[in-house]
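Working notes, beginning with the structure itself.
Residue numbers (the numbering used here), protein chains in the order written: chain Z, 40 to 139; chain C, 8 to 387.
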């Protein structure tokens, strides 16, 4: 028997593979025509960039891969996107919306 | 698929939905084995015989989802006292409502929790009365309750469900706040609500026994701030202050008839838990009217919606669309008129007296607790 694991903060880096835990639901709210994140006793309304990032958080893609895909889609410098989305994902991880 | 329906013109329904409540608080029953002296239920508890049927609740949930409600809070009383909770949870999942079970936990078995999870329950919130069993059981007036709650919390985590602990805070447990925060971490909760008791209903009846001092409240705020920093990414702490010591009122329910709707066990639709204390307001029932019509048009929801009902100093206040005038029930209880400024606001002429009462209560010896039960409610 191993000791129970101490809860740890999820730290997001370039090689993290982020995903939404089962109980977090990214959903289009048709009534209000906007995207929402449904979380325990919380409703977040992510901006379009956060939605684009979260739709790629499948637990397989790394943050680097996600940045590369978005850099291509939006024709923007990859290094800048990587820094921005790592910060965004860290914030979401601290809110319990993303794990890795 | 043949001709596609035009999508560019929003239907009147969509316009109504845009104004819909985000959350629906379903008070499934007022029955509860616990007798917490700060219960948010009214003093006049509704009886089991008058509760809505399973079918009526399922219909309400479908109507709610259709209206644009996103989250369902299953509460009470103790919601697990309803034998049909599984069906209600399944109904919520079917119509796409995010379901949150707000429970004392003491009636649950592991098998039942497994069933609820399988039916699509999204999240569990367990209330605790203290971190120390003896005091927790004394406050809930229920022997063995605390130990059972800890066991249920472990089942919740073992089943992979997210867990929130809710800890109502008052002068009889505030000294144990550090231990309460540690308990939340140990149990694997990702959220903790450090909720200073709000003084309505049963809590108002017990105000002198529960009110902390201003210093205790400030200390609790500092403690929470330090814990948030230390536990970043591990535990999210929501902190609710008692507004007797505040300068500005809270935006009660996110504004009257604005973000949330409460359905009582018998089916009355309320803008907030305590709304029935306001005389002269008529509340419609989901037994008689559609939820959408109640939300959009009923007299009770219109009475204090928006800012048109406001008097000075609210009417010209730059914060009128921030706090929406605070709490109508508190204005009624303290100022005698629900359309006056919430005395929690320091722009209210009654603010000093309001804060003074709290200071006085907190510094008097605590009287015995009046426990929440139908008998005490009938006497009140």
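A virtual CB, placed ideally from N, CA and C, is assigned to each residue, including glycine.
**OP:** Kindly indicate which residue of 126(C), 223(C), 291(C) has the alpha-carbon position closest to the one of residue 370(C).
**Re:** When C-alpha distances from residue 370(C) are compared across 126(C), 223(C), 291(C), the shortest belongs to 223(C).
Original post:
Would residue 113(Z) be called buried (16 or more neighbouring beta carbons within 10 Å of its own) or exposed?
Top reply: Answer is exposed; the Cβ neighbour count stays below 16.
**OP:** Just the chain C side, please: which residues come within less than 8 angstroms of residue 135(Z) by C-beta, in chain order?
**Re:** Against chain C, the beta carbon of residue 135(Z) has neighbours under 8 angstroms at 169, 197, 198, 243, listed in chain order.
Original post:
How long is the line joining the alpha carbons of residue 114(C) and residue 88(C), rounded to whole angstroms?
Top reply: Distance between the alpha carbons of residue 114(C) and residue 88(C): 7 angstroms.
Original post:
Within 8 angstroms (strictly less), CB to CB, does residue 132(Z) reach chain C?
Top reply: Using beta-carbon distances, residue 132(Z) counts as an interface residue toward chain C, with a partner under 8 angstroms.
Subject >> Rounded straight-line distance, which links the Cα of residue 108(C) to that of residue 85(C) >> reply: Each residue's Cα considered, the two are about 10 angstroms apart.
**OP:** Grab me the residues of residue 121(C)'s own chain with a C-beta within less than 7 angstroms of its C-beta, minus the 5 sequence neighbours each way, in chain order.
**Re:** So the list reads 166, once near-sequence residues are dropped.
Subject >> Backbone secondary structure at residue 47(C) - three-state DSSP >> reply: In this structure, residue 47(C) counts as coil in the three-state DSSP scheme.
Subject >> Burial state of residue 256(C) (16 or more Cβ within 10 Å) >> reply: That one is buried.
**OP:** Mind listing the chain C neighbours of residue 82(Z)? Cutoff is C-beta to C-beta under 7 angstroms, in chain order.
**Re:** Here the neighbours are 29, 77, 78.
Subject >> Closer than 8 angstroms at the beta carbon, the chain C residues around residue 77(Z) >> reply: What residue 77(Z) touches in chain C: 77, 78, 105, 129.
**OP:** Just mark residue 404(C) as buried or exposed, buried being the case when its beta carbon has 16 or more other beta carbons within 10 Å.
**Re:** Limits of chain C in this structure are 8 at one end and 387 at the other, which puts residue 404(C) out of reach.
Subject >> Distance, residue 154(C) Cα to residue 40(C) Cα >> reply: Near 15 angstroms, if we compare the C-alpha coordinates of residue 154(C) and residue 40(C).
Subject >> Buried versus exposed, by CB contacts within 10 Å (16 or more), residue 219(C) >> reply: Buried: at least 16 other Cβ atoms inside 10 Å.
**OP:** Could you tell me whether the Cβ atoms of residue 202(C) and residue 175(C) are closer together than 8 angstroms?
**Re:** A contact, by the Cβ cut-off of 8 angstroms.
Original post:
When DSSP labels each residue in this structure, what does residue 34(C) get in the three-state scheme?
Top reply: Residue 34(C) falls in the strand class under three-state DSSP.
Original post:
So, residue 273(C) versus residue 57(C), is the Cβ gap smaller than 8 angstroms?
Top reply: Result yes, Cβ atoms of residue 273(C) and residue 57(C) sit closer than 8 angstroms.
Original post:
Cβ of residue 119(Z) less than 8 angstroms from any chain C Cβ?
Top reply: Using a CB distance cut-off of 8 angstroms, residue 119(Z) does not count as an interface residue toward chain C.
Original post:
How would you label residue 355(C), buried or exposed, when you count the other beta carbons within 10 angstroms and need 16 or more for buried?
Top reply: Taking all protein chains in view, the Cβ of residue 355(C) is crowded by 16 or more other Cβ atoms within 10 Å, so the residue is classified as buried.
Original post:
In chain Z, which residues lie less than 7 angstroms from residue 192(C) when you measure between Cβ atoms?
Top reply: Using a Cβ-Cβ cut-off of 7 angstroms, residue 192(C) is close to 46 of chain Z, given in chain order.
**OP:** Would you kindly report the start and end of the unbroken beta strand (DSSP E) that includes residue 105(C)?
**Re:** Residue 105(C) -> beta strand (DSSP E) spans 105-110.
Original post:
Among 341(C), 340(C), 294(C), 348(C), which has the Cα closest to the Cα of residue 330(C)?
Top reply: Closest in C-alpha terms to residue 330(C), from the list 341(C), 340(C), 294(C), 348(C), comes 348(C).
Subject >> Three-state class that DSSP yields for residue 280(C) in the structure shown >> reply: Residue 280(C) sits in coil when the DSSP states are folded into three classes, being neither helix nor strand.
**OP:** Name the two residues that bound the continuous alpha helix (DSSP H) containing residue 137(C).
**Re:** Segment: none, residue 137(C) is in no alpha helix (DSSP H) and carries neither H nor E.
**OP:** Look up residue 341(C) in the DSSP assignment and say whether it is helix, strand or coil.
**Re:** Reduced to three states, the DSSP call for residue 341(C) is helix.
**OP:** Out of 134(Z), 76(Z), 46(Z), 139(Z), point me to the one whose CA is closest to residue 99(Z)'s CA.
**Re:** Out of 134(Z), 76(Z), 46(Z), 139(Z), 139(Z) has the C-alpha closest to the C-alpha of residue 99(Z).
Subject >> Those residues which DSSP pairs with residue 65(Z) across a bridge >> reply: BP columns for residue 65(Z) point to 76(Z).
**OP:** Under the assumption that residue 212(C) contacts residue 171(C) (Cβ atoms under 8 angstroms), give the Cβ distance between them as a whole number of angstroms.
**Re:** That belief does not hold up - the Cβ atoms of residue 212(C) and residue 171(C) are roughly 27 angstroms apart, past 8 angstroms.
Original post:
If you check the beta carbons only, do residue 53(Z) and residue 102(Z) fall under 8 angstroms apart?
Top reply: Taking 8 angstroms as the Cβ cut-off, residue 53(Z) and residue 102(Z) qualify as a contacting pair.
Original post:
The beta strand (DSSP E) with residue 81(C) in it runs from where to where?
Top reply: Residues 78-82.
Subject >> chain Z contact residues for residue 239(C), given Cβ-Cβ distances below 9 angstroms >> reply: Result: 48, 133.
Original post:
Does the ligand MN have a heavy atom nearer than 7 angstroms to the CB of residue 134(Z)?
Top reply: Absent from the structure shown: the ligand MN. Ligands present: none.
**OP:** Using a Cβ cut-off of 8 angstroms (strictly closer), state whether residue 70(Z) contacts chain C.
**Re:** Answer yes: the Cβ-Cβ gap between residue 70(Z) and chain C drops below 8 angstroms somewhere.
Original post:
In this structure, does DSSP put residue 375(C) in helix, strand or coil?
Top reply: Of the three classes helix, strand and coil, the one that applies to residue 375(C) here is coil, per DSSP.
Original post:
What is the rounded straight-line gap between the Cα of residue 284(C) and the Cα of residue 290(C)?
Top reply: CA-to-CA, the gap between residue 284(C) and residue 290(C) works out to about 11 angstroms.
Original post:
Does any CB atom of chain Z fall closer than 8 angstroms to the CB of residue 11(C)?
Top reply: Low per-residue confidence applies at residue 11(C): pLDDT is 41, beneath 50, and the placement is therefore not dependable, though the value from the model is reported in the following sentence. Interface flag for residue 11(C) against chain Z is unset, since no Cβ pair is found closer than 8 angstroms.
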